[in-house]
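Participant: Protein chains in written order, with the numbering used here: chain A, 1 to 135; chain B, 136 to 270; chain C, 271 to 405. Note that the Cβ used here is the ideal one computed from N, Cα and C, for glycine as well. Predicted model, so just to flag it, every value in this text is computed and none were measured. Supplied in structure tokens, the structure appears directly below.
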Amino acid sequence: MAIQELKINTGRQGLYEITDEISGFITKNKISEGICVVFTPHTTAGITINENADPDVVRDILFGLEKAFPDRKEFIHSEGNSAAHLKASCVGSSVNIIITNGKLMLGTWQGIYFCEFDGPRSRKVTIKVIVDADL
Amino acid sequence: MAIQELKINTGRQGLYEITDEISGFITKNKISEGICVVFTPHTTAGITINENADPDVVRDILFGLEKAFPDRKEFIHSEGNSAAHLKASCVGSSVNIIITNGKLMLGTWQGIYFCEFDGPRSRKVTIKVIVDADL
Amino acid sequence: MAIQELKINTGRQGLYEITDEISGFITKNKISEGICVVFTPHTTAGITINENADPDVVRDILFGLEKAFPDRKEFIHSEGNSAAHLKASCVGSSVNIIITNGKLMLGTWQGIYFCEFDGPRSRKVTIKVIVDADL
Numbered sequence: 001m002a003i004q005e006l007k008i009n010t011g012r013q014g015l016y017e018i019t020d021e022i023s024g025f026i027t028k029n030k031i032s033e034g035i036c037v038v039f040t041p042h043t044t045a046g047i048t049i050n051e052n053a054d055p056d057v058v059r060d061i062l063f064g065l066e067k068a069f070p071d072r073k074e075f076i077h078s079e080g081n082s083a084a085h086l087k088a089s090c091v092g093s094s095v096n097i098i099i100t101n102g103k104l105m106l107g108t109w110q111g112i113y114f115c116e117f118d119g120p121r122s123r124k125v126t127i128k129v130i131v132d133a134d135l
Numbered sequence: 136m137a138i139q140e141l142k143i144n145t146g147r148q149g150l151y152e153i154t155d156e157i158s159g160f161i162t163k164n165k166i167s168e169g170i171c172v173v174f175t176p177h178t179t180a181g182i183t184i185n186e187n188a189d190p191d192v193v194r195d196i197l198f199g200l201e202k203a204f205p206d207r208k209e210f211i212h213s214e215g216n217s218a219a220h221l222k223a224s225c226v227g228s229s230v231n232i233i234i235t236n237g238k239l240m241l242g243t244w245q246g247i248y249f250c251e252f253d254g255p256r257s258r259k260v261t262i263k264v265i266v267d268a269d270l
Numbered sequence: 271m272a273i274q275e276l277k278i279n280t281g282r283q284g285l286y287e288i289t290d291e292i293s294g295f296i297t298k299n300k301i302s303e304g305i306c307v308v309f310t311p312h313t314t315a316g317i318t319i320n321e322n323a324d325p326d327v328v329r330d331i332l333f334g335l336e337k338a339f340p341d342r343k344e345f346i347h348s349e350g351n352s353a354a355h356l357k358a359s360c361v362g363s364s365v366n367i368i369i370t371n372g373k374l375m376l377g378t379w380q381g382i383y384f385c386e387f388d389g390p391r392s393r394k395v396t397i398k399v400i401v402d403a404d405l
């Protein structure tokens, strides 16, 4: 199955919804049953699934991550972005979504987000599907 | 391969072990080798793997998450459950478990848990297996 | 597809890079396209992907996790390692990496790490690949 790469130009910090791009990939490739892996190849960014109805949720998630993983004077990494690396490992580099009947099995309020923790940058996300061979 | 949905009625916050239900799905469907994806379609809940021997571990995990991601007066999401959304993105919406010789490859002390961060609610978990086609 | 198990002898806390071992497994088994799951069967350890260029990043990640999830006097689990269980659920028990053209699709700065939060111990990591059947 083909792999698709998305490109995202980001601001300093932010969550960028990519649900439509991933749904479009499933539809275009006529995938019926399988698993979709959404992966980002960066070390100061992540992928998460969370609410896409009220944008205040995204704002509060970024605020809460900043409080839990603030920049600290004890950090020694010379680029000064250790908090972004920490958020990346907490949120994770990828998510899995189940595909059935040709659609992503997301909940009513779920959206898929690219998480920028150390922008602005030009970023990539890779989408890969493993189709169910046992049907 | 069939998909199975579990239903869980939760309390306010809690970790609910679902290992037996997932093992039962593997056995019932006679799956020998593959990957099992356990996914929850909610944005204030998660799936994690942790110790299932001493219930105090689960209690301490919930306590520690509450300390790291408390409710904050600066949160603006009007439903007032931003801390639960934050915990969901930290813990994650899904886990993967390797299946071999017809069994989940879990460690001795590992159990699979549905994590409720904003109950009580009626919740769902979806189980999907990708069988290994290359055998 | 074969499963491979790695063994790692750890210190008290640390991130141990295992990228070369996983790349070697892909090469040895001549896997061209698929998904690689890297899973650890322990409840006080995790798997993460982060920077492998400057070792100070790893040091800062461990420091930041310790600050976000410290040992707490309110913890009741008698083994006294609840903070390690908490870090395990935050970082996660596994990662997925996409394989294409016979290689792990990792970013320039990404390495795969076993995370020890409660050593020293003798630990295991399991590598499993699902090859793409739809090619």
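Note down, in chain order, each residue of its chain lying with its Cβ closer than 6 Å to the Cβ of Arg-121 of chain A, except the 5 sequence neighbours on either side.
Facilitator: So the qualifying residues of the chain are Thr-10.
Participant: Going by other Cβ atoms of all chains shown within 10 Å of its Cβ, with 16 needed for buried, is Lys-73 of chain A buried or exposed?
Facilitator: Exposed.
Participant: Scan the segment 74-131 of chain A and note each continuous alpha helix (DSSP H) run of 4 residues or more that stays entirely inside, going in chain order.
Facilitator: 82-91
Participant: Around the C-beta of Asn-366 of chain C, are 16 or more other C-beta atoms found within 10 angstroms, so that it is buried, or is it exposed?
Facilitator: buried
Participant: Compare the Cα-Cα distances from Gln-283 of chain C to each of C:Ile-400, C:Phe-384, C:Lys-398 and C:Ser-293 and report the closest residue.
Facilitator: C:Phe-384
Participant: Interface residues of chain A around Val-361 of chain C at Cβ under 9 Å?
Facilitator: Ordered by position in chain A, the residues that pass the 9 Å Cβ test against Val-361 of chain C are Ser-89, Cys-90 and Gly-92.
Participant: Taking C-beta pairs closer than 7 Å, name the residues in chain A that Glu-287 of chain C reaches, listed in chain order.
Facilitator: Ordered by position in chain A, no residue passes the 7 Å Cβ test against Glu-287 of chain C, which lies about 13 Å from the chain.
Participant: Helix, strand or coil for Ala-68 of chain A? Go by DSSP, reduced to three states.
Facilitator: helix
Participant: Should Leu-454 of chain C be flagged as near chain B, meaning a C-beta pair shorter than 8 Å?
Facilitator: Because chain C spans 271 through 405 in this model, residue 454 of chain C falls outside it and cannot be assessed.
Participant: Straight-line CA distance for Ile-130 of chain A to Glu-17 of chain A?
Facilitator: Using only the alpha carbons, I get a separation of about 22 Å.
Participant: Alpha carbon to alpha carbon, how far is Asn-320 of chain C from Met-375 of chain C? Give it in angstroms, no decimals.
Facilitator: 14 Å
Participant: Which one of A:Asn-29, A:Lys-124 and A:Asp-56 has the shortest CA to CA distance from Asn-216 of chain B?
Facilitator: Considering only alpha carbons, the answer is A:Asp-56.
Participant: Quick one: is Leu-276 of chain C near chain B, going by C-beta distance under 8 Å?
Facilitator: no
Participant: What did DSSP end up calling Gly-46 of chain A once you bin it into helix, strand or coil?
Facilitator: strand
Participant: Beta strand (DSSP E) containing Gly-14 of chain A: first to last residue?
Facilitator: 14-17
Participant: Could you please give the first and the last residue of the uninterrupted beta strand (DSSP E) stretch that includes Gly-169 of chain B?
Facilitator: Looking at the DSSP string, the run of the beta strand (DSSP E) that includes Gly-169 of chain B is 169-174.
Participant: Within the 8 Å Cβ cut-off, does Ile-367 of chain C reach chain B?
Facilitator: Chain B contact via Cβ: absent.
Participant: If the cut is a Cβ gap below 8 Å, which residues of chain A does Pro-176 of chain B touch?
Facilitator: Met-105, Leu-106, Gly-107, Thr-108 and Gln-110
Participant: Report the three-state DSSP secondary structure of Ile-31 of chain A (helix, strand or coil).
Facilitator: Residue state, collapsed to three classes: coil.
Participant: Could you give the distance in angstroms between the alpha-carbon of Cys-171 of chain B and the alpha-carbon of Thr-100 of chain A?
Facilitator: 15 Å
Participant: Against chain A, with Cβ distances strictly below 8 Å, would Ala-219 of chain B count as a contact?
Facilitator: no
Participant: Establish whether the CB of Arg-256 of chain B and some CB of chain A are separated by less than 8 Å.
Facilitator: no
Participant: Would you please verify whether the beta carbon of Val-264 of chain B is less than 8 Å from any beta carbon of chain C?
Facilitator: no
Participant: The beta strand (DSSP E) that contains Ile-176 of chain A, what's its start and end?
Facilitator: The requested residue 176 of chain A does not occur in the structure, where chain A is confined to residues 1 to 135.
Participant: In this structure, what does DSSP give as the bridge partners for Asn-9 of chain A?
Facilitator: A:Ser-122
Participant: Between the alpha carbons of Asp-132 of chain A and Ile-98 of chain A, how many angstroms are there, rounded?
Facilitator: When rounded, the separation of the alpha-carbon atoms in Asp-132 of chain A and Ile-98 of chain A is 11 Å.
Participant: I want to see whether chain C comes within less than 8 Å of Glu-66 of chain A, judged by CB atoms only; does it?
Facilitator: no
Participant: Can you find the residues in the same chain that come closer than 7 Å, C-beta to C-beta, to Gln-138 of chain A, ignoring five residues on each side of it along the sequence?
Facilitator: Residue coverage of chain A in this structure runs from 1 to 135, which leaves residue 138 of chain A outside it and unanswerable.
Participant: Listing by chain order, which chain A residues have their CB less than 7 Å from the CB of Thr-261 of chain B?
Facilitator: Ile-98 and Met-105
Participant: To which residues does DSSP link Glu-186 of chain B through a beta bridge?
Facilitator: DSSP output for Glu-186 of chain B lists B:Gln-245 as bridge partner(s).
Participant: Quick one: list the residues of chain A neighbouring Asp-324 of chain C, beta-carbon separation under 8 Å, in chain order.
Facilitator: His-77, Ser-78 and Glu-79
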